[in-house]
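Novice:
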Amino acid sequence: MMTPDAKPNTTDRIDTEFDIHSPEYLEKKTAYEASIRSRCPVSWTEKYDGHWVISGHHAVGAGLRDRERFTAAKYTDENGKLKGGITIPTAEGYRALPNESDPPEWDGYRKLVSRPFSPQSVDKLRPRIAEFADEVIDHLIEAGEADFVMQLGSPVTALITLDVLGLPLEDWRFYAERIHQTFSGVPGGGDSEAGIPGIQKRLAETIAARRITPQVGVLDDLIASEIDGRPTTDEEVKDLIYDILVGGFDTTAGLMAGAVRYLEDKPELKTRIIEDEDFRRTATEEFLRYISPAVGLAKTATQDFDLEGQQIKAGDKMWFMYRAANWDPEEFENPEVIDLERSPNRHYAFGAGIHRCLGSNLARAIFQTVLPRFLERVPDYVVDQEHTRNYAFACVNAGFQELRFTFTPGKKVREMPILEEL
Numbered sequence: 428m429m430t431p432d433a434k435p436n437t438t439d440r441i442d443t444e445f446d447i448h449s450p451e452y453l454e455k456k457t458a459y460e461a462s463i464r465s466r467c468p469v470s471w472t473e474k475y476d477g478h479w480v481i482s483g484h485h486a487v488g489a490g491l492r493d494r495e496r497f498t499a500a501k502y503t504d505e506n507g508k509l510k511g512g513i514t515i516p517t518a519e520g521y522r523a524l525p526n527e528s529d530p531p532e533w534d535g536y537r538k539l540v541s542r543p544f545s546p547q548s549v550d551k552l553r554p555r556i557a558e559f560a561d562e563v564i565d566h567l568i569e570a571g572e573a574d575f576v577m578q579l580g581s582p583v584t585a586l587i588t589l590d591v592l593g594l595p596l597e598d599w600r601f602y603a604e605r606i607h608q609t610f611s612g613v614p615g616g617g618d619s620e621a622g623i624p625g626i627q628k629r630l631a632e633t634i635a636a637r638r639i640t641p642q643v644g645v646l647d648d649l650i651a652s653e654i655d656g657r658p659t660t661d662e663e664v665k666d667l668i669y670d671i672l673v674g675g676f677d678t679t680a681g682l683m684a685g686a687v688r689y690l691e692d693k694p695e696l697k698t699r700i701i702e703d704e705d706f707r708r709t710a711t712e713e714f715l716r717y718i719s720p721a722v723g724l725a726k727t728a729t730q731d732f733d734l735e736g737q738q739i740k741a742g743d744k745m746w747f748m749y750r751a752a753n754w755d756p757e758e759f760e761n762p763e764v765i766d767l768e769r770s771p772n773r774h775y776a777f778g779a780g781i782h783r784c785l786g787s788n789l790a791r792a793i794f795q796t797v798l799p800r801f802l803e804r805v806p807d808y809v810v811d812q813e814h815t816r817n818y819a820f821a822c823v824n825a826g827f828q829e830l831r832f833t834f835t836p837g838k839k840v841r842e843m844p845i846l847e848e849l
């Protein structure tokens, strides 16, 4: 049985039996992370060929910002085994770009995709996000019951993301369901055609078609772009688009679902979020800290060095735990309590350094637009606790497989729907 109890080994390395994919970790999550963090913010586990577990706020921030001693790139070792990357264990079959690259290669990839997700570009999207929010709410408002995850959070996030990328809006369910199945632990996801391979296949087909018949959007811009003086390849375009899709869909939906669950019986806070923009922005950061929808990120050491008293060796894999850092009492007073007026709030919900989340501005904009829209139009919702299920995995994202709720039916507000069916 896994235990977070740490003990020094013969080399004074602090060892745990931490298993990022274990049922015990899924069940205990923050309590388990707190136990590891309190013993040693930098500890070792032999699981998955061995890796370091970085759980303290200071150590996580320092490691994520250190581009000299860490790499996020994948590589093949002397035995022909794929290593590195941003997941534990190393994921095969695709390369998440720009996340699984380092400078100077990273600079070229990041430049290709940065502009559509800049603060200025995202601010211009807020009216469009509001349109999608009302569109999606209209599709459920007369029913009196719904699942927030797949009937509201995921559709809105998927629609605005596909709109920016220039992918067909009617494909939102194809992508959203496969991403949700893969990262939430819904049966039928993962390595099946219903999961990542299906997404990769659809993207490859779409890219091939768009090279012949260009349209308008980020996808077409990437296809027509150059990097280091050469045209982008189909594989690079696919990996760039894939990283945007999987990085934002379930994380943003999970953030909204967590906030909806917390606010259910708090009418005063609901009103403040609807009416007070400054409060809404501060509350956004606290929900990000507390929920931490992206659990962590892996990197690999490129040289020997000391980190918080532990001797790191070149080639050692590191798991930087965002949520553990965001619940560190050394940085946050009463971290287990949601304080929607907490300030300052130096959380790592989006990571830090060059591999910080590309879509952070869009995630905030979606949350700050959709949540008050939902609270205003569905004010008396009641969460169905019997049909509220957390992820079956604890290792990648934090969220819900489903979060059903009931409410007094309302009226549609849009005269012309964007999509006839959702």
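With the first letter of the sequence shown counted as 1, position 195 gets the number 622 in the working numbering; the numbers rise by one all the way through.
No residue lacks a Cβ here, since even glycine has one placed at the ideal position from N, Cα and C.
Because the structure is a prediction, the values reported are computed rather than measured.
So, for Pro543: in the same chain, excluding its five sequence neighbours on each side, which residues have a beta-carbon less than 7 Å away from its beta-carbon?
Specialist: Only Val591 and Val645 meet the Cβ criterion.
Novice: Taking the alpha carbon of Thr679 as the point to measure from, which residue in Arg638, Pro844, Val576 and Lys538 has its own alpha carbon closest?
Specialist: Comparing C-alpha distances from Thr679 to each of Arg638, Pro844, Val576 and Lys538 shows the shortest one belongs to Val576.
Novice: State yes or no: is the C-beta of Gly490 within less than 8 Å of the C-beta of Asp755?
Specialist: no
Novice: Around the C-beta of Tyr536, are 16 or more other C-beta atoms found within 10 angstroms, so that it is buried, or is it exposed?
Specialist: buried
Novice: Which of helix, strand or coil does DSSP assign to Ile556?
Specialist: helix
Novice: So, with DSSP's three-state summary, where would you put Ile701?
Specialist: helix
Novice: Alpha carbon to alpha carbon, what distance is there between Glu519 and Tyr502?
Specialist: 11 Å
Novice: Tell me which residue opens and which closes the alpha helix (DSSP H) that Asn788 is part of.
Specialist: First-last of the alpha helix (DSSP H) with Asn788: Ser787 to Arg804.
Novice: Drop a sphere of 10 angstroms on the beta-carbon of Ser850, count the other beta-carbons inside from all chains shown, and report buried for 16 or more, exposed for fewer.
Specialist: In the structure displayed, the chain extends from 428 to 849; residue 850 sits before or after that span and is not available.
Novice: Is Ser470 helix, strand or coil by DSSP?
Specialist: strand
Novice: Taking Thr659 and Ile671 to be in contact with their CB atoms under 8 Å, please state how far apart those CB atoms are, rounded to whole angstroms.
Specialist: Not a contact, Cβ separation roughly 15 Å.
Novice: With burial defined as no fewer than 16 other Cβ atoms inside 10 Å of the residue's Cβ, what is the status of Thr443: buried or exposed?
Specialist: Buried, since its Cβ has 16 or more Cβ neighbours within 10 Å.
Novice: Could you tell me if Lys693 is buried or exposed, where buried requires 16 or more neighbouring beta carbons within 10 angstroms of its beta carbon?
Specialist: exposed
Novice: Cβ of Asp811 within 8 Å of Cβ of Arg831?
Specialist: yes
Novice: Any idea if Arg773 is buried or exposed, counting beta-carbon neighbours within 10 angstroms, 16 or more meaning buried?
Specialist: exposed
Novice: Given that a residue counts as buried once 16 or more other Cβ atoms are within 10 Å of its Cβ, and exposed if not, what is His814?
Specialist: exposed
Novice: Give the secondary structure of Asn824 by DSSP, where H, G and I count as helix, E and B as strand, and everything else as coil.
Specialist: The DSSP-derived three-state label of Asn824 is strand.
Novice: According to DSSP, which residues form a beta bridge with Phe445?
Specialist: Its beta-bridge partners do not exist; DSSP assigns none.
Novice: Any contact of the region 758-778 with the region 711-727, i.e. 3+ C-beta pairs under 8 Å?
Specialist: At 8 Å Cβ cutoff, the stretches touch.
Novice: Three-state secondary structure (DSSP) at Ile739?
Specialist: strand
Novice: Determine, using beta carbons only, whether Pro844 and Asp565 come nearer to each other than 8 Å.
Specialist: yes
Novice: In the structure shown, what three-state DSSP assignment does Phe497 receive?
Specialist: strand
Novice: Nearest CA to the CA of Asn526: which residue from Glu505, Thr727 and Ala557?
Specialist: Thr727
Novice: Touch check for the region 760-770 and the region 498-515: three-plus C-beta pairs under 8 Å?
Specialist: no
Novice: With DSSP collapsed to three states, give me the class of Leu539.
Specialist: helix
Novice: Determine the extent of the beta strand (DSSP E) in which Gly723 is found, giving its start and end residues.
Specialist: Gly723 to Ala728
Novice: From Cys467, Thr711, Lys510 and Asp493, pick the residue whose C-alpha is nearest to that of Phe732; which is it?
Specialist: The option with the nearest alpha carbon to Phe732 is Asp493.
Novice: Might you give, ordered along the chain, the residues of its own chain that have their beta carbon closer than 8 Å to the beta carbon of Val809, omitting 5 neighbours on each side?
Specialist: Glu691, Phe832, Thr833 and Phe834
Novice: Under the DSSP definition of a beta bridge, which residues are partnered with Trp479?
Specialist: Trp471 and Met745
Novice: What is the rounded straight-line gap between the Cα of Tyr452 and the Cα of Gly681?
Specialist: Taking the straight line joining both Cα atoms gives about 19 Å.
Novice: State the CB to CB distance for the pair Ala560 and Arg708, rounded to an integer number of angstroms; the pair is presumed to be in contact (CB under 8 Å).
Specialist: Actually they are not in contact, since the Cβ atoms of Ala560 and Arg708 sit about 17 Å apart, beyond 8 Å.
Novice: When we look at the beta-carbon of Arg841 and count the other beta-carbons within 10 Å, is it buried (16 or more) or exposed?
Specialist: exposed
Novice: For Val840, which of helix, strand or coil comes out of DSSP?
Specialist: coil
Novice: Cutting at 7 Å between CB atoms, please list the residues of its own chain near Ser787, excluding the five before and the five after it.
Specialist: Phe777
Novice: Given Gln578, which residues of its chain have a CB within under 6 Å of its CB, disregarding the five upstream and five downstream residues?
Specialist: Around Gln578: Leu567.
Novice: Mind checking whether Pro595 and Leu586 have CB atoms under 8 Å apart?
Specialist: Taking C-beta atoms as the reference points, Pro595 and Leu586 fail to come closer than 8 Å.
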